[in-house]
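Numbering (mature numbering (1 follows the signal peptide of the UniProt record, and there is no 0)), first residue to last: -23 to -1, 1 to 151.
We treat Cβ as the ideally placed atom computed from N, Cα and C, and that holds for glycine.
Okay, structure first, notes after.
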Ligand SMILES: *[C@@H]1O[C@H](CO)[C@@H](O)[C@H](O)[C@H]1NC(C)=O
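Next comes the structure, spelled out in structure tokens:
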């Protein structure tokens, strides 16, 4: 009798092992707790902070006329329109009444019409950093002069709502 029980027990153990083994193979997820998915980290949208200014930018020496040579961005408009840039002239001046701002006049063409866009950039204490205030803080444009020789070229990053645009300016008449 004992031998029969032992045999039954062995059979039960074997069946258990088999079913455990098979669920392992067919669908381990059924018998085991699901591995908990880690909450996805939100990508940081501040790469402009990662790109340090190449030098101690002297804003005074940035004033004058700059020509837009090229623009790079992941923005779909620019991707669809290629790198063709409308002739654009940027005139940077320091207003006499404020040491903390930079006056910007941008003359460009849009829909076969000429436009002059007038803007005021706030000068940040960090060299090379400027801000174009939007109607709300999240609509601000952070501007960073990344590299320039003050004379023939300037590389400027613009970041608005996490979208970065890079503009290369030339200063032929400077
Ligand atoms: C640039 O702006 C300043 C100040 O408004 C002005 O005096 C100067 O004539 C402008 N330069 C050009 C080339 O438009």
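Should residue i and residue j be called a contact, given that it needs their Cβ atoms to be closer than 9 angstroms?
i           : j           : result
residue 79  : residue 97  : yes
residue 147 : residue 123 : no
residue 48  : residue 143 : yes
residue 121 : residue 140 : no
residue 45  : residue 67  : yes
I'd like to know if residue i contacts chain B, where contact means its C-beta is closer than 9 angstroms to some C-beta of that chain.
i          : result
residue 66 : The chain labelled as chain B is not found in the depicted structure, where only one protein chain is given.
For residue i, tell me which candidate among the options has the shortest Cα-Cα distance.
i           : options            : result
residue 40  : 126, 46, 102       : 126
residue 34  : 45, 82, 105        : 105
residue 32  : 131, 143, 144      : 131
residue 65  : 92, 76, 84         : 84
residue 113 : 142, 67, 138, 74   : 138
residue 42  : 50, 81, 73         : 81
residue 36  : 135, 107, 145, 140 : 107
residue 93  : 69, 102, 134       : 69
Provide the residue(s) that pair with residue i in DSSP beta bridges, ordered along the chain.
i           : result
residue 144 : 48, 133
residue 125 : 131
residue 84  : 66, 93
Could you please go through the chain and list the residues whose beta-carbon is closer than 7 angstroms to any non-hydrogen atom of ligand 1? 42, 68, 70, 80, 82
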